[in-house]
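Here the structure is laid out as structure tokens; the discussion comes afterwards.
Residue numbers (the working numbering): 15 to 146.
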């Protein structure tokens with residue numbers, strides 16, 4: 015079950031991996047993120063390595079496990095999948111991916127440090143407009 019602290023720690027791990035990608039341009043980082051976001055975005059979060067690590071960190075430090083409303087977070091993970099796929103393709107085609115990785119870095123940082131989920135706001139705005 016996703017909790018606020020687990021989500022924020024997962025975002026922090028994405029933040030760190032994105033910084034590593036920006037500095038190394040290693041193709042393995044967007045590939046790893048792509049797979050991890052695919053699990054989390056498709057409802058198979060139990061297979062997410064980042065989610066597993068975040069859960070262990072929450073457990074070790076006995077952090078609060080406040081449940082969250084999941085659909086916006088799942089949507090945000092699907093957006094993360096698209097960003098990771100874009101990074102992977104740009105890397106393979108040797109296209110500069112600084113803007114895409116910068117956006118991913120900002121979104122992950124906002125979630126990790128300020129509990130502000132950009133994808134969740136997009137999700138809520140979309141469904142508010144759709145159901146109006």
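All C-beta atoms, glycine included, are put in the ideal place defined by N, C-alpha and C.
As the structure is a computational prediction, the values presented were derived from the model and not from experiment.
Taking only runs of the alpha helix (DSSP H) that begin and end inside the segment 48 to 104, which ones reach a length of at least 4 residues, in chain order? 63 to 74
Could you pull out every residue in the same chain whose Cβ sits closer than 6 Å to the Cβ of residue 20, ignoring the five residues on either side in sequence? Taking the chain shown and counting its residues from 1, one reaches residue 20 at position 6. Counting only Cβ-Cβ distances below 6 Å, and skipping sequence neighbours, we find 68, 69, 72.
Neighbour-count burial assignment, residue 137, 16 or more Cβ in a 10 Å radius: On the chain shown, position 123 is the one that residue 137 refers to. Buried, by the Cβ-count rule.
Determine the burial state of residue 135: buried for a count of at least 16 other Cβ atoms within 10 Å of its Cβ, exposed for fewer. Along the chain shown, one-based indexing puts residue 135 at 121. Under this definition residue 135 is an exposed residue.
Return the residue from the list 38, 77, 115, 23 that minimises the CA-CA distance to residue 95. Start at 1 with the first residue of the chain shown, and residue 95 comes out as number 81. Of 38, 77, 115, 23, the residue nearest in Cα terms is 115.
Pick from 27, 91, 113: whose alpha carbon is nearest that of residue 58? Taking the first residue of the chain shown as position 1, residue 58 is located at position 44. With distances taken between Cα atoms, residue 58 lies closest to 91.
Excluding sequence positions up to five away, which residues of its chain have a Cβ less than 7 Å from the Cβ of residue 81? Locating residue 81 in the chain shown gives position 67, counting from the first residue. Answer for residue 81: 15, 17, listed in chain order.
What distance in whole Å lies between the Cβ atoms of residue 102 and residue 45, which are believed to be in contact at a cut-off of 8 Å? Taking the chain shown and counting its residues from 1, the one referred to as residue 45 is at position 31. Taking the chain shown and counting its residues from 1, the one referred to as residue 102 is at position 88. Yes, residue 45 and residue 102 are in contact; Cβ-Cβ is about 6 Å, under 8 Å.
Does the Cβ of residue 74 have 16 or more other Cβ atoms within 10 Å, making it buried, or fewer, making it exposed? Numbered from its first residue, the chain shown carries residue 74 at position 60. In this structure residue 74 is exposed. Its beta-carbon is surrounded by fewer than 16 other beta-carbon atoms within 10 angstroms.
Contact defined as beta carbons within less than 8 Å: I believe residue 111 pairs with residue 48. What is the distance between those atoms, to the nearest angstrom? Indexing the chain shown from 1 puts residue 111 at position 97. Indexing the chain shown from 1 puts residue 48 at position 34. With a Cβ gap of about 13 Å, residue 111 and residue 48 do not count as contacting.
Determine the direct distance from the alpha carbon of residue 140 to that of residue 85, and round the result to whole angstroms. Along the chain shown, read from residue 1 onward, the residue named residue 85 stands at position 71. Along the chain shown, read from residue 1 onward, the residue named residue 140 stands at position 126. One C-alpha to the other measures close to 13 Å.
Taking the CB atoms as reference points, tell me whether residue 123 and residue 29 lie closer together than 8 Å. Walking along the chain shown from the start, residue 123 turns up at place 109. Walking along the chain shown from the start, residue 29 turns up at place 15. Cβ distance < 8 Å, so residue 123 and residue 29 count as in contact.
Cβ pair residue 64, residue 32 closer than 8 Å: The residue labelled residue 64 in the question sits at position 50 within the chain shown. The residue labelled residue 32 in the question sits at position 18 within the chain shown. For residue 64 and residue 32, no; Cβs fall outside 8 Å.
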